[in-house]
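In order, the protein sequences belong to chains A and B.
Sequential numbering of the first sequence, starting at 243, is according to this note's numbering.
Sequential numbering of the second sequence, starting at 1322, is according to this note's numbering.
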Amino acid sequence: MNYTLIIGLEVHVQLTTQSKMFARCGTEFGLPPNTQTDPVSLGLPGTLPVMNRRAFELALKTATALHAEIAPFTKWDRKNYYYPDLPKNYQISQYDLPFSRGGHLDIPVRKDGTGGGICRLTRVHLEEDTGKLTHGAGGYSEIDLNRAGIPLMEIVTEPDIRSAADARGCLEELRLVLRYLEVSDCEMQEGSLRCDANVNLHIETPHGAIATPIVEVKNLNSFRSVERALEYEAERQFRQWQEDGLTIKDAHKETRGWSDPEGVTKPQRRKETAADYRYFPEPDLVPVVVDDAWRARVKASIGELPAARRARFEADFGLTPYDANVLVEQGRDVADYFDAVVTKTSEYKLASNWIQQDILRIAKELKLTLTGFPVGPDELAELIGRVQRGELNTNQGREVLAKMVERGQSAEAIIEADGYKMVSDRGAIAAAVDAALAANPKAIEDLKKGKKPDAVKGFLRGQVMKQTGGKADPKVVLDLLDAKLAELASDG
Amino acid sequence: MDMTRLTAVGLIQEYERKTLSCLDVARGYLDRAEKYGRLNVFVHLDGEAILSRARALDAKRASGAAMGRLAGVPVAIKDVLCVEGEPTTCGSKMLSNFRPPYSATVIERLLAEDAILVGKTNMDEFAMGSSTENSAYGPTRNPWDEERIPGGSSGGSAAAVAADLAPLSLGSDTGGSIRQPAAVCGIVGLKPTYGRVSRYGLIAFASSLDQIGPFAHDVADAALLLGVISGPDPRDATCVDAPVPDYLATLDEAPRALRIGIVREFFGAGLDPEVEAAVRAAIQVYEDAGATVREVSLPHSKYGVPAYYIVAPAECSSNLARYDGTIFGRRSADFSPRYPGEDKLPPIVRMMMASRAEGFGAEVKRRIMLGTFALSAGYADQYYNQALKARRLIRNDFDAAFHEVDVLVGPTSPTPAFKLGERAADPLAMYLSDVYTITANLAGIPGISIPCGLTKAGLPIGLQLLAPAFAEESLLRAARVFERAGDWHLKRPPLA
């Protein structure tokens, strides 16, 4: 029997602000418990929230970038529930008049050509984060309110996603957009990006289509766990349906938690009745009016977004969709770097290769971003020019680049100091070819015995390069080696 | 000269003439507070701190430094306002151990103007009540008749001024909690426009209705204190950024062609005849002073009490949720399962339940339950949302009335002070104490109660004046017209 997987995501994103959503204290991650607090974020009796305008603006920026409709009038509501991580026992959130509705996210096609498309959004709203509970020794729980009150943006998608891989793709693209906008760090490990998924199956049966009960999957702490949990959940729901035949009409929404080590979802609390949060308008805050001028200002502050950038890299620089995506999906610093390099060289494909294969590798090893990378885009363009003009071969170029990073010197200085000159002198290279052949009679024998000529030639070429200290012009080496081998063969 | 009989304005004049020192005054008030301890006005009074503050202010004056607008004036503080490091109990057992690490904006403003804080005054628990009987620290007694209530919820602050334990005090008014105690204690009490005074540091009862305001013996003193506490505050988003006039300076400018409105609906059933007679006489005083008087109607005021008893409890159910023994509120020592089924609850839930059961008094619990119900799914449309509609209609009534008149005049409270315990078992009768005051909170407009008579039994009667939003200046001037024509504000209770 065929089934379709139906997935909608509920994503929580902490906004990068100096102070909290409604309080003046700081938001830095990883500090000792309860040090990022003040009377307001602790919910001390008598304190009042005051909206962080910066946080609101970052949220506006996000919603605008996601093509959402910005409400001209929005208000705050209290969501009432008792939980020890919520110092006031209510959360300031948005209920019936969120600041934004609708919108969509463009998802790029995956490497293998699958996936891609549009994921519609239901709404984006703002709220305050809760504190964190740690269940410690001796049956006690510890409360850390550093996180309480951090601006939290909730992005709810429509149930448009049809596979676990697409869910992951959607979340990854969302992270990329948010990072481009510089509204959030989006670190799943640190909890600045959190994702819950609502999932069920539409099954084709001989008696028509049915839908299985909706399950909310929580505790998805990495992109990989999103994908794994949803794959697991699809199979589990199908099995479950085969066993009990329950449909969406027979059962309440269930909450299940993903256990990464065990690779299974497990039931959490069962929602017998919908929780009653007794929402009402937050009387301590005033509604927010977003006028056309504000909307225009926010719109103007949004730079080029990933989808537009991929398209431009393909159109303007002739990159393949795959290459364009690699440069874009690594983050804004990488694409910016590429953009800067190609203002200085028209070797677009080479620039893309050098960045993907060398710059990113070095950056990863040294744990650097490309913002302020020791070899600037101008210097890389210059180095690419030397290789392209034949002053250096590719291997030499790589070595020079490594030394540029290491010593912080220009390519020219390193070439000068370390004698990086490509040897193109045919006489010298011919001598090296002769020497290599003389030193490796077995290779010639192999060739005569009919061993793969390319493999033998590759080996001999390496020997010649070794003879010349890696400095020989590879084209000349190949030329002369071919001529010599042809000569030997005819002698044969 | 008995310095405790001086008004704040009079006291400041004496300081300027150097006939009194702050220390003398502080000692005088402390002696009197001790003498009338039986009134149970203060829930916390730190004599040493008061004397040392007085000494510091005397030294400041001696140094020739410029003094603040309330230099050396004792001000009693309702125990709903946070004062850094001082106990702030809200009249509740729940907050018996709470010492806020910060001060309310109004407290900072008083201190910046060199006032002397003279103690935290008793109140109905979390400002819920009209008699100060709902305090975990026992009732306050009315200085005019110690068997009677001083009104509420700011009964301690009203009694403090009435009994001359401080020339000024601060209260909070959510449905009449300043004006009604002012009326039954024979003093002036003013509820400012919602948004005139910062609520930062006022422990919330009903956030959309609460407002801090002054108690005083006369209108000038009220104007002085209002001027100090008013004005925008970046820590309160609902506090309005409107300029603060010099209320005191313009007080005696006679309002031109004052137009007085008499609210028909405020003279119906339930109004005590002696109160009505005194209010009618007061209206005559205005006519004699040249005001034009006309009857106006606030047709939706009958929805005031029911709308209030939905909106205020709804907000309180949320505002008071934090007192659960986890972070705030006294934690119950024993939360072992008591009733069938409780053993299935997680210990933290039992702890919250037991702490709230022990920490809150009956009236607070009643309102939390009312409010929780009114906000619940399936009921919110019938109750909370209906109440918001009624609130809008009440506001529209006032807007229409203020097109025709400058101020509305009527009784503050339907009856004089009732006996302690008289209405304790009848919440509805208690709620009706605020029938004339509640609508001003729902509409957000300012109101003042000024003394306008005494019953045959010698109990004070209050006259309420209401004005449009942010028209405190004309409200005070209108009140002053009446005050100048008589001497009710000079009457003092016969305290032995």
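Here a beta-carbon is modelled for each residue, glycine too, at the ideal position from N, C-alpha and C.
Predicted, not measured: the structure shown is a model, and the values here were computed from it.
At a Cβ threshold of 7 angstroms, is glutamine 260 of chain A touching chain B?
In the first sequence, the residue the question calls residue 260 of chain A occupies position 18. No, no contact with chain B.
Taking just the CA atoms, how far does arginine 552 of chain A sit from glycine 1646 of chain B?
Numbered from its first residue, the second sequence carries residue 1646 of chain B at position 325. Numbered from its first residue, the first sequence carries residue 552 of chain A at position 310. Rounded to whole angstroms, glycine 1646 of chain B to arginine 552 of chain A spans 55 angstroms at the Cα level.
Alpha carbon to alpha carbon, what distance is there between arginine 1420 of chain B and glutamate 1407 of chain B?
Residue numbering aside, residue 1407 of chain B sits at position 86 when the second sequence is read from its first letter. Residue numbering aside, residue 1420 of chain B sits at position 99 when the second sequence is read from its first letter. If you take the alpha carbons of glutamate 1407 of chain B and arginine 1420 of chain B, they lie about 5 angstroms apart.
Please classify alanine 1544 of chain B as buried or exposed, where buried requires at least 16 neighbouring CB atoms within 10 angstroms.
As a working note, residue 1544 of chain B is residue 223 in the second sequence. Buried: at least 16 other Cβ atoms inside 10 Å.
Would you tell me roughly how many angstroms separate the C-alpha atoms of alanine 409 of chain A and serine 434 of chain A, rounded to the nearest one?
Here residue 409 of chain A refers to the residue found at position 167 when the first sequence is read from its first residue. Here residue 434 of chain A refers to the residue found at position 192 when the first sequence is read from its first residue. The alpha-carbon atoms of alanine 409 of chain A and serine 434 of chain A are separated by roughly 18 angstroms.
Return the chain-ordered list of same chain residues with a C-beta closer than 7 angstroms to the C-beta of aspartate 620 of chain A, the five sequence neighbours on each side being excluded.
Residue mapping note: residue 620 of chain A aligns to position 378 of the first sequence, counting from 1. These residues qualify, in order along the chain: Lys586.
What's the gap between the Cα of cysteine 1411 of chain B and the Cα of alanine 1375 of chain B?
Locating residue 1411 of chain B in the second sequence gives position 90, counting from the first residue. Locating residue 1375 of chain B in the second sequence gives position 54, counting from the first residue. So the alpha carbons of these two residues sit roughly 26 angstroms apart.
Start and end of the alpha helix (DSSP H) containing glutamate 1369 of chain B?
The sequence position of residue 1369 of chain B within the second sequence is 48, counting from 1. Run containing glutamate 1369 of chain B: 1368-1383, per the alpha helix (DSSP H) assignment.
Is the beta carbon of alanine 1347 of chain B closer than 7 angstroms to that of isoleucine 1371 of chain B?
Taking the second sequence and counting its residues from 1, the one referred to as residue 1371 of chain B is at position 50. Taking the second sequence and counting its residues from 1, the one referred to as residue 1347 of chain B is at position 26. Taking 7 angstroms as the Cβ cut-off, isoleucine 1371 of chain B and alanine 1347 of chain B qualify as a contacting pair.
Based on the DSSP output, what are the partners of isoleucine 445 of chain A in its beta bridges?
Residue mapping note: residue 445 of chain A aligns to position 203 of the first sequence, counting from 1. DSSP output for isoleucine 445 of chain A lists A:Tyr245, A:Ile452 as bridge partner(s).
Taking 7 angstroms as the CB-CB limit, is lysine 330 of chain A close to chain B?
As a position in the first sequence, residue 330 of chain A is number 88, starting the count at 1. By this cut-off, lysine 330 of chain A is an interface position.
In chain order, what residues of the same chain have a beta carbon less than 7 angstroms from the beta carbon of glycine 427 of chain A, not counting five sequence neighbours either side?
For this step, residue 427 of chain A is matched to residue 185 along the first sequence. As written in the sequence, residue 427 of chain A is aspartate, which differs from the glycine given in the question. Cβ neighbours of aspartate 427 of chain A beyond the five flanking positions: Thr258, Ser434.
Kindly list the residues whose CB is nearer than 6 angstroms to the CB of aspartate 1379 of chain B, restricted to its own chain and excluding five residues on each side of it in sequence; keep chain order.
By one-based count along the second sequence, residue 1379 of chain B stands at place 58. Within the same chain, aspartate 1379 of chain B has close Cβ partners Ser1342, Cys1343, Leu1344.
Quick one: grab the DSSP three-state call for serine 1622 of chain B.
On the second sequence, residue 1622 of chain B is found 301 positions in, with the first residue counted as 1. Looking at serine 1622 of chain B - three-state DSSP - the assignment turns out to be helix.
Using the DSSP secondary-structure output, state which residues sit across from valine 292 of chain A in a beta bridge.
Position 50 of the first sequence, counted from the start, is the residue given in the question as residue 292 of chain A. DSSP output for valine 292 of chain A lists no bridge partner at all.
Between which two residues does the beta strand (DSSP E) holding glutamate 370 of chain A run?
The residue you call residue 370 of chain A lines up with position 128 of the first sequence. Run containing glutamate 370 of chain A: 359-370, per the beta strand (DSSP E) assignment.
Going straight from the alpha carbon of arginine 436 of chain A to that of alanine 307 of chain A, what length do you get?
Translated into positions along the first sequence, residue 436 of chain A becomes position 194. Translated into positions along the first sequence, residue 307 of chain A becomes position 65. Approximately 20 angstroms, taken between the alpha carbons.
Under 7 angstroms between C-beta atoms, does serine 1528 of chain B make it to chain A?
For the purposes of this step, residue 1528 of chain B is taken as residue 207 along the second sequence, with counting starting at 1. With 7 angstroms as the cut-off, serine 1528 of chain B counts as an interface residue toward chain A.
Do we get a CB-CB distance below 7 angstroms when we pair glutamate 1636 of chain B with the residues of chain A?
Position 315 of the second sequence, counting from 1, holds the residue named residue 1636 of chain B. For glutamate 1636 of chain B, the answer is yes, since a Cβ of chain A falls inside 7 angstroms of its Cβ.
If you count every other CB in all the chains shown that lies within 10 Å of the CB of alanine 1788 of chain B, and 16 or more means buried, which is it?
Taking the first residue of the second sequence as position 1, residue 1788 of chain B is located at position 467. With 16 or more neighbouring CB atoms inside 10 Å of its own CB, alanine 1788 of chain B falls in the buried class.
Would you call the CB atoms of tyrosine 1705 of chain B and alanine 1721 of chain B closer than 7 angstroms?
Your numbering for residue 1705 of chain B matches position 384 in the second sequence. Your numbering for residue 1721 of chain B matches position 400 in the second sequence. Cβ distance not < 7 angstroms, so tyrosine 1705 of chain B and alanine 1721 of chain B don't count as in contact.
Which residues in the same chain as alanine 1612 of chain B place their Cβ atom closer than 6 angstroms to its Cβ, once the five residues preceding and following it in sequence are excluded?
The residue given as residue 1612 of chain B occupies position 291 in the second sequence. Closer than 6 angstroms at the Cβ level, and outside the excluded window around alanine 1612 of chain B, lie Leu1579, Ile1581.
Quick one, which residues of the region 1501-1526 of chain B are near chain A if we go by CB-CB under 9 angstroms, in chain order?
Ser1519, Arg1520, Tyr1521, Gly1522, Leu1523, Ile1524, Ala1525
Among residues of its own chain, excluding the 5 on either side of aspartate 1554 of chain B, which ones have a beta-carbon nearer than 7 angstroms to its beta-carbon?
For this step, residue 1554 of chain B is matched to residue 233 along the second sequence. Answer for aspartate 1554 of chain B: Thr1426, Ser1519, Tyr1521, Cys1560, listed in chain order.
Per DSSP, what kind of secondary structure is threonine 710 of chain A in: helix, strand or coil?
Numbered from its first residue, the first sequence carries residue 710 of chain A at position 468. In the structure shown, threonine 710 of chain A sits in coil (DSSP, three-state: anything other than H, G, I, E or B).
Is the CB of lysine 513 of chain A under 7 angstroms away from at least one CB in chain B?
By 1-based counting over the first sequence, the position of residue 513 of chain A is 271. Bear in mind that a pLDDT of 46 at lysine 513 of chain A, under 50, signals an unreliable position, so the number given afterwards is only what the model happens to contain. By this cut-off, lysine 513 of chain A is not an interface position.
Are the C-beta atoms of threonine 1736 of chain B and some chain A residue less than 7 angstroms apart?
Here residue 1736 of chain B refers to the residue found at position 415 when the second sequence is read from its first residue. So, not an interface residue.
According to DSSP, which residues form a beta bridge with asparagine 1463 of chain B?
Translated into the one-based positions of the second sequence, residue 1463 of chain B becomes position 142. DSSP output for asparagine 1463 of chain B lists B:Asp1466 as bridge partner(s).
Closer than 7 angstroms between beta carbons: that is the criterion. Which residues of the region 1639-1652 of chain B meet it against chain A?
Ser1639, Ala1642, Arg1643, Asp1645, Thr1647, Ile1648, Phe1649
Determine the closest residue to arginine 668 of chain A out of A:Leu547, A:Val719, A:Leu339, A:Glu429, with distance taken between C-alpha atoms.
Stepping through the first sequence from its first residue, residue 668 of chain A is reached at position 426. It is A:Val719 whose Cα lies nearest to the Cα of arginine 668 of chain A.
Smallest Cα separation from phenylalanine 559 of chain A: which of A:Ala549, A:Arg537, A:Val584, A:Gly573?
Residue 559 of chain A sits at position 317 when you count from the first residue of the first sequence. Out of A:Ala549, A:Arg537, A:Val584, A:Gly573, A:Val584 has the C-alpha closest to the C-alpha of phenylalanine 559 of chain A.
In angstroms, rounded to a whole number, what distance separates the CA positions of lysine 513 of chain A and glutamate 299 of chain A?
Taking the first sequence and counting its residues from 1, the one referred to as residue 513 of chain A is at position 271. Taking the first sequence and counting its residues from 1, the one referred to as residue 299 of chain A is at position 57. Its pLDDT being 46, under 50, lysine 513 of chain A is placed unreliably by the model, and the measurement read from it follows with that caveat. Taking the straight line joining both Cα atoms gives about 35 angstroms.
If valine 1617 of chain B sits next to isoleucine 1583 of chain B, beta carbons under 8 angstroms apart, how far is it from one beta carbon to the other, in whole angstroms?
As a position in the second sequence, residue 1617 of chain B is number 296, starting the count at 1. As a position in the second sequence, residue 1583 of chain B is number 262, starting the count at 1. 7 angstroms between Cβ atoms; contact.
Can you say whether arginine 295 of chain A is buried or exposed, counting buried as having 16 or more other CB atoms within 10 angstroms of its CB?
What you label residue 295 of chain A is simply residue 53 of the first sequence in a count that begins at 1. Looking at its Cβ environment, which holds fewer than 16 other Cβ atoms inside 10 Å, arginine 295 of chain A is exposed.
Which bits of chain A does proline 1422 of chain B rub up against, with CB to CB less than 8 angstroms?
Residue mapping note: residue 1422 of chain B aligns to position 101 of the second sequence, counting from 1. Residues of chain A passing the Cβ test: Pro281, Leu286.
Along chain A, in chain order, which residues have C-beta atoms closer than 7 angstroms to that of leucine 1696 of chain B?
For this step, residue 1696 of chain B is matched to residue 375 along the second sequence. Here the neighbours are Arg520, Phe522.
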